[in-house]
Amino acid sequence: MLFAELVRLALRALSANKLRAFLTTLGITIGIAAVIALLAIGTGVQEYINQQFTSAGTNLIGIIPGRIQRGGPPGGFGQNSVLTLSDYRAVVNGVPGIAAHAADFTSVGNFTFGSKTSQVQVSGVTPSFAQVRNWGAARGRFIEEGDNTSRARVVVLGATVVKDLFEPSEDPVGQVVRINGVPFTVIGVMESKGASVFGDQDAIAFIPLFTAQERLFQRLAFARTGERIISTIYLQAASEEDRLYIQAAAREILREQHRLKPDDQDDFSIISQTELIETFGAVTSVLTIFLAAIAAISLLVGGIGIMNIMLVSVTERTREIGLRKAIGAKPAAILSQFLIESVVLSVIGGVAGIAVGIGGALSISRFVDFSAVVRPEAVMLAVGFSVAVGVFFGIYPARRASRLNPIQALRYE
Amino acid sequence: MSTMTLERAATSALMNGKRHEDITPVIDVRDVTKVYKMGTVEVHALRGVSLRIYPGELVAIMGPSGSGKSTLMNILGCLDQPTSGTYRLDGVDVEKLNDDQLAEIRNKKIGFVFQSFNLLPRTSAIDNVEQPLIYAGVPPRERRARAKAALEAVGLGNRLHHHPNELSGGQQQRVAIARALVNSPALILADEPTGNLDSKSGAEVMCIFQRLNMEKGITVVFVTHDPRIAQHTRRIIRIADGQIVGDEPVLEPLIACSDQTLRL
Ligand SMILES: Nc1ncnc2c1ncn2[C@@H]1O[C@H](COP(=O)(O)OP(=O)(O)O)[C@@H](O)[C@H]1O
Ligand SMILES: [Mg+2]
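See the structure below:
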């Protein structure tokens, strides 16, 4: 009951000096708003990235030549290790439980149509690519098995290539474009994926795998042994458990194919979508925490503001404190009164900061691709933080008040 | 106050006369000194004061300015501690009490009235009077009722919601007295309660003290410079230079209350 009374006293003292209270809470408001907004944006980015990975198909495994540092950026490709068509066949024949699989050979091509040109990635793919990557033609059709066996000169263009080569009014399907001078008939246009963390996903074109290897990139597509080179092997698992098993089994087979000794390191990398999500997630959450921590520094400044005002308040109200002690207030009651006052200040600032932070994060989301996500944990963290700031910076002025000698306090001018 | 008669005053004086050893004094001060240290200078505000005041007494303390009256009152009110000597309040040695126990005594046993009123600004009369009850842990409803009763007892039943700056000096001092008596203390201490008041307001304060003393048996000790005010008590203690130099009874106390001074 005394507590309720002390809260009332605190509110009353604060409302006697509204402008001052408002300016004091502003520091906390800004700090909490910054923390909330940055956490919301960080969380939004993270969910956006997850969604990007998942949209590439679920339970997807990619195998590429060379070794990449785990947890580090792709790069540092191994000496001259390659994946070959026979590696691909060995894996898909040797590993049971693969739901779907595909392979590509990828290089860069110069596209021309009339006077217009475009330079984009060209992937020779097996027809199942569309299923495995969960990505197909929006108009026309995707590569089919017959295109591959007949080494047909057909191409499915990504949206960016279409934009580069054709007028908006033109229908690309049926037109003949040249890739590195070789004529190809456009049979389809891919669904647009837009820009993403991976860059412009639409700056790509697909042709049949064998066409790519035999008619466009002959000089790049064969190893010295005469075997066909594969850039990426895609395996799709039916479930998460299958994925783990398939990854392990594929690794064994590839080590065997490449005649690696037991203590040799892999000369290929098996990357799963789940692991990529985790890796990116770790990076973005570190970034989010780092930004939030910087924002929290402004809370410190806000806290110092509260301490300053509470010290002023204690000095101004020295006579009141003396009187309260004279009529029977225990030191703890005086301490609580001033502590509650500073906590009320910081919590009001915190609540306002949460509102401003959420508002800020939502309005930022309007201008970017991802939407900010305010987690309840972030709100609770902010409330907890503002209470902590109030207690931490209020305790010293409050102690000072509670220890005043009543007579000296009453005499204070 | 019309019921108060000289007869009754005389009876009380008689009772005060027979001070038996078995009656515990409310105030029992022995050889109390108080030294203020200001840098290298020592001020001896009290130089060995011994004093007993029994339940039901109405006492005035007089003395020149700087003689140590306030210092003594602060010690009596448990607001300050003596440098040496003992102070027993109702038989309890105050020196042995901790801060919380002292706060409790100031809250429940003693009502202190200051020369400068010391009301909370921007706070209504009734809220001011409620303050000690808050620290006593009295529930809000009862608090309200008791504060109202206390204000009515000092003739301010029609000023409950006035703020201090809307009240005259005499009315402010009566709010302060209501605050002092709201927790039913055994002892009211007042340091120059009429010092800032005109003679009419001073008489009203005296009337309230006499009534509290007569009707409720509250022990009242106050400081005054005004010999006429002092004549409203039954005992005058004189202090000079930190020592008690006189302690005499008032044989025919003046009665402050009349229908003119305070209409209740
Ligand atoms: N807090 C203090 N510090 C130093 N000296 C003080 C203090 N309070 C009172 N004194 C001195 O003690 C003496 C007695 O003061 P006080 O009790 O206030 O006298 P009175 O109330 O009789 O006028 C005075 O000389 C005064 O200056
Ligand atoms: Mg004085």
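Protein chains in written order, with my numbering: chain A, 1 to 413; chain B, 1 to 264.
Cβ atoms here follow ideal geometry from the backbone N, Cα and C, with glycine treated the same way.
| task | Compile a chain-ordered list of the residues in the stretch 123-135 of chain B whose CB is closer than 9 Å to at least one CB of chain A. | result | Thr123, Gln131, Pro132, Ile134 and Tyr135
| task | Would you mind stating whether Ala40(A) and Val383(A) have Cβ atoms separated by less than 7 Å? | result | Against the first sequence, residue 40(A) aligns to sequence position 40. Against the first sequence, residue 383(A) aligns to sequence position 383. Against a cut-off of 7 Å, the Cβ pair of Val383(A) and Ala40(A) comes out as no contact.
| said: Which of the three DSSP states is assigned to Glu42(B) in this structure? | reply: Taking the second sequence and counting its residues from 1, one reaches residue 42(B) at position 42. DSSP places Glu42(B) in strand when its eight states are reduced to three.
| task | Identify the contact partners of Arg319(A) in chain B, using a Cβ-Cβ distance below 8 Å as the criterion. | result | Stepping through the first sequence from its first residue, residue 319(A) is reached at position 319. Within chain B, the residues near Arg319(A) are Asn118.
| field | Arg106(B) at chain A interface by Cβ criterion, 7 Å | value | Looking up residue 106(B) in the second sequence gives position 106. Output row for Arg106(B): interface = yes.
| Closest to Asp241(B) by CA distance: which of Thr24(B), Pro25(B) and Leu72(B) is it? | In the second sequence, residue 241(B) corresponds to position 241, counting from 1. Cα-wise, what sits closest to Asp241(B) is Leu72(B).
| request: Within its chain, find whatever has a CB closer than 6 Å to the CB of Ala37(A); leave out the 5 residues flanking it on each side and keep chain order. | output: In the first sequence, counting from the first residue as 1, residue 37(A) sits at position 37. Cβ within range, chain order: Gly357, Gly360 and Ala361.
| field | heavy atom of ligand 2 below 6 Å from Ser342(A) C-beta | value | To locate residue 342(A), count along the first sequence from 1; it is residue 342. No, the beta carbon of Ser342(A) sits no closer than 6 Å to any heavy atom of ligand 2.
| query | Which term fits Leu216(A), buried or exposed, when burial requires 16 or more other beta carbons within 10 angstroms of its beta carbon? | reply | Along the first sequence, read from residue 1 onward, the residue named residue 216(A) stands at position 216. Buried: at least 16 other Cβ atoms inside 10 Å.
| query | What's the call for Asn183(B), buried or exposed, on a 16-neighbour Cβ count within 10 Å? | reply | Position 183 of the second sequence, counted from the first residue, corresponds to residue 183(B). Buried.
| query | Can you list, in chain order, the residues of the stretch 319-336 of chain A whose Cβ is nearer than 9 Å to any Cβ on chain B? | reply | Arg319, Glu320, Gly322, Leu323, Arg324, Lys325, Ala326, Ile327, Gly328, Ala329, Lys330, Pro331, Ala332 and Ala333
| request: Identify the continuous alpha helix (DSSP H) that holds Gly27(A) and give its terminal residues. | output: By 1-based counting over the first sequence, the position of residue 27(A) is 27. Residues Lys18 to Ser55.
| task | Alpha carbon to alpha carbon, how far is Gln81(B) from Lys37(B)? Give it in angstroms, no decimals. | result | To locate residue 37(B), count along the second sequence from 1; it is residue 37. To locate residue 81(B), count along the second sequence from 1; it is residue 81. Near 14 Å, if we compare the C-alpha coordinates of Gln81(B) and Lys37(B).
| message | Once the 5 residues before and after Asp247(B) are set aside, which same chain residues still bring their CB inside 6 Å of it? | response | Within the second sequence, numbered from 1, the residue matching residue 247(B) stands at position 247. Counting only Cβ-Cβ distances below 6 Å, and skipping sequence neighbours, we find Ile237.
| request: Report the rounded CA-to-CA distance for Gly76(A) versus Glu256(A), giving the unit in angstroms. | output: Numbered from 1 along the first sequence, position 76 holds the residue referred to as residue 76(A). Numbered from 1 along the first sequence, position 256 holds the residue referred to as residue 256(A). Any answer about Gly76(A) is weak, because its pLDDT of 43 lies below 50 and its placement is not dependable; what the coordinates show is given next. Whole-angstrom Cα-Cα distance: 23 Å.
| said: Is any non-hydrogen atom of ligand 2 found closer than 6 Å to the C-beta of Lys69(B), if you look at the structure I gave you? | reply: On the second sequence, residue 69(B) is found 69 positions in, with the first residue counted as 1. Answer for Lys69(B): yes, Cβ within range of ligand 2.
| Through-space distance from Gly390(A) to Val113(B), alpha-carbon basis | Within the second sequence, residue 113(B) is the residue found at index 113, counting from 1. Within the first sequence, residue 390(A) is the residue found at index 390, counting from 1. Val113(B) and Gly390(A): Cα-Cα distance of roughly 36 Å.
| Closer than 9 Å at the beta carbon, the chain A residues around Arg179(B) | Residue numbering aside, residue 179(B) sits at position 179 when the second sequence is read from its first letter. The contacting residues are Ile327.
| So is Asn196(B) in contact with chain A if we call contact Cβ pairs under 7 Å? | Mapped onto the second sequence, residue 196(B) falls at position 196. So no, Asn196(B) is outside the interface.
| field | alpha helix (DSSP H) segments (min. 4 residues) lying fully within the stretch 63-128 of chain B | value | 69-76 and 99-108
| said: Just to confirm my understanding: we take Ala212(A), look at its own chain, exclude 5 residues before and 5 after, and list those with CB closer than 6 Å. What are they? | reply: Taking the first residue of the first sequence as position 1, residue 212(A) is located at position 212. These residues qualify, in order along the chain: Phe105 and Gly124.
| message | Taking 6 Å as the cut-off, is the beta-carbon of Gly246(B) closer than that to any non-hydrogen atom of ligand 1? | response | Residue numbering aside, residue 246(B) sits at position 246 when the second sequence is read from its first letter. No - ligand 1 has no heavy atom lying nearer than 6 Å to the Cβ of Gly246(B).
| task | Can you grab the Cα-Cα spacing for the pair Leu120(B) / Phe393(A), in whole Å? | result | Numbered from 1 along the second sequence, position 120 holds the residue referred to as residue 120(B). Numbered from 1 along the first sequence, position 393 holds the residue referred to as residue 393(A). Taking the straight line from one Cα to the other gives about 26 Å.
| query | Does the beta carbon of Ser65(B) fall short of 6 Å from some heavy atom of ligand 1? | reply | Walking along the second sequence from the start, residue 65(B) turns up at place 65. Checking the Cβ of Ser65(B) against ligand 1 gives yes.
| field | Cα-Cα separation, Met62(B) to Ile177(B) | value | Numbered from 1 along the second sequence, position 62 holds the residue referred to as residue 62(B). Numbered from 1 along the second sequence, position 177 holds the residue referred to as residue 177(B). Taking the straight line from one Cα to the other gives about 20 Å.
| query | Do you know offhand how far Gly77(B)'s Cα is from Gly56(B)'s? | reply | The sequence position of residue 77(B) within the second sequence is 77, counting from 1. The sequence position of residue 56(B) within the second sequence is 56, counting from 1. Spanning the two alpha carbons is a distance of roughly 17 Å.
| query | Would you say Leu268(B) and His232(B) are within 7 Å of each other, going by their C-beta atoms? | reply | Any property of residue 268(B) remains undetermined from this structure, which presents chain B solely from 1 to 264.
| Looking at C-beta atoms only, is the number of pairs between the stretch 173-190 of chain A and the stretch 139-157 of chain A that lie closer than 8 Å three or more? | yes
| message | Counting C-beta neighbours from all protein chains within 10 Å, is the total for Gln408(A) 16 or more, i.e. buried, or is it exposed? | response | For the purposes of this step, residue 408(A) is taken as residue 408 along the first sequence, with counting starting at 1. Per the 10 Å Cβ criterion, exposed.
| task | My understanding is that Arg234(B) touches Ile208(B), with C-beta atoms under 8 Å, so please give their C-beta distance in whole angstroms. | result | Stepping through the second sequence from its first residue, residue 234(B) is reached at position 234. Stepping through the second sequence from its first residue, residue 208(B) is reached at position 208. The Cβ separation is near 16 Å, so there is no contact.
| query | Any idea what DSSP makes of Leu291(A), helix, strand or coil? | reply | As a first step, residue 291(A) is located in the first sequence; it is residue number 291 there, counting from the start. In the structure shown, Leu291(A) sits in a helix (DSSP, three-state: H, G or I).
| Does DSSP put Val351(A) in a helix, in a strand, or in coil? | Locating residue 351(A) in the first sequence gives position 351, where the first residue counts as 1. Correct three-state label for Val351(A): helix.
| field | Proximity winner among Ile68(A), Gly27(A) and Ala34(A), relative to Ile364(A) (alpha-carbon distances) | value | Locating residue 364(A) in the first sequence gives position 364, counting from the first residue. It is Ala34(A) whose Cα lies nearest to the Cα of Ile364(A).
| request: Identify whether Pro65(A) lies in helix, strand or coil by the three-state DSSP scheme. | output: Your numbering for residue 65(A) matches position 65 in the first sequence. Correct three-state label for Pro65(A): strand.
| message | I want to check one thing, is the minimum distance from the CB of Ala45(B) to the heavy atoms of ligand 1 below 6 Å? | response | Stepping through the second sequence from its first residue, residue 45(B) is reached at position 45. Yes; taking the cut-off as 6 Å, the Cβ of Ala45(B) has a heavy atom of ligand 1 nearer than that.
| Residues, ordered as in the chain, of the stretch 85-100 of chain B that lie near chain A by beta-carbon distance below 8 Å | Asp99 and Asp100
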